[in-house]
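Note sheet for the following structure.
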Amino acid sequence: MQTMIDVQGLTKVFTLHNQGGIQLPVFSGIDFSARQQECTVLFGESGSGKSTLLRSLYANYLPTSGRISVRHRGEMVDMTGASSQTLLQIRRETIGYVSQFLRVIPRVSALDVVAQPLRERGVDEHHAHRRAGELLERLHIPERLWSLPPGTFSGGEQQRVNIARGFIVDYPVLLLDEPTASLDHRNAATVVELIQEARSRGTAVVGIFHDAEVRDAVADQIYDIASQSTIVQDRAVS
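The sequence shown begins at -13 in the numbering used here and counts up one residue at a time.
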């Protein structure tokens, strides 16, 4: 199995310029890798930097030092030094990201929000909508809501739309930031199924899961940010 993400010596310090340049260290010297067909869980107490690390992998944050390499089009690309054009290309083709909150788009239907990543890859509207509908149905979003903007939905419904959008493309790498945090047991179980299906297709998954039951169900390895150590789970690929 190929390495899809390789992190070496990653350090992040936030500088608060509006407060006299105060520096807030988040993490230092992070080293880990994520491979095809495996789910790597980022573990640590609240405030340990898990979400900051995940956002750094998606290039939302520029690390203070260190390197993040991602396999893109068969080559390892250094995300910390890549151009904006390359980063956009990597996000479109290689890395999917499910954040904790859906970015609400006014007047755009839930079906179109979910289908958009496929449409951007050139898939025709009919097939993109069909796939979007399949995912919304699996995540128990009633069909009567598909034509409505997600901004009118409950928090749990918005999160399920967000998850459907993240899983609609078979990304080689998938980043998940607490995808089951606001979900009931039935929908959390569906997310576990989607993660297992992605792994079986060869996707490298990196995620944060506060629900211990979900974490145990999906983790192939657990990276503890505090101890900077990796615990390998005894798990066969499903």
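Glycine included, every Cβ here is placed at the ideal spot set by N, Cα and C.
Since this is a predicted model, take the numbers as computed values, not measurements.
G119 in three-state terms, based on DSSP: helix
Supposed close pair L160, G60 - CB separation, criterion 8 angstroms: Contact doesn't hold; Cβ gap of about 18 angstroms is too wide.
Whole-angstrom distance between V147 and L88, CA atom to CA atom: 8 angstroms
Inside the stretch 153 to 201 only - beta strand (DSSP E) runs reaching at least 3 residues: Secondary structure remark: continuous beta strand (DSSP E) runs of at least 3 residues inside the stretch 153 to 201, in chain order: 159 to 163, 190 to 194.
In DSSP terms, what V218 is bridged to: Q207
Coil, strand or helix - M(-13) by DSSP: coil
Rounded C-alpha distance that separates S186 from Q22: 9 angstroms
Candidates F195, F139, V109, H3: closest to F29 by CA position: F195
A96 to W132 span [Cα, whole Å]: Cα to Cα, A96 sits roughly 5 angstroms from W132.
Whole beta strand (DSSP E) elements within the stretch 1 to 59, 3-residue minimum: 8 to 21, 25 to 29, 51 to 58
C-alpha distance - D210 paired with T(-11), whole-angstrom precision: 19 angstroms
Secondary structure of T(-3), DSSP reduced to three states: strand
Helix, strand or coil at G108 according to DSSP, with G and I counted as helix: coil
Three-state secondary structure assigned by DSSP to V99: helix
7 angstroms Cβ cutoff met for F13 and G(-5): no
Contact the stretch 148 to 155 vs the stretch 65 to 85: 3+ CB pairs below 8 angstroms: yes
Endpoints, alpha helix (DSSP H) assigned at I76: 70 to 79
A174 versus E183 - alpha carbon distance: Rounded to whole angstroms, A174 to E183 spans 14 angstroms at the Cα level.
Beta bridge counterpart(s) of M62 as assigned by DSSP: R57
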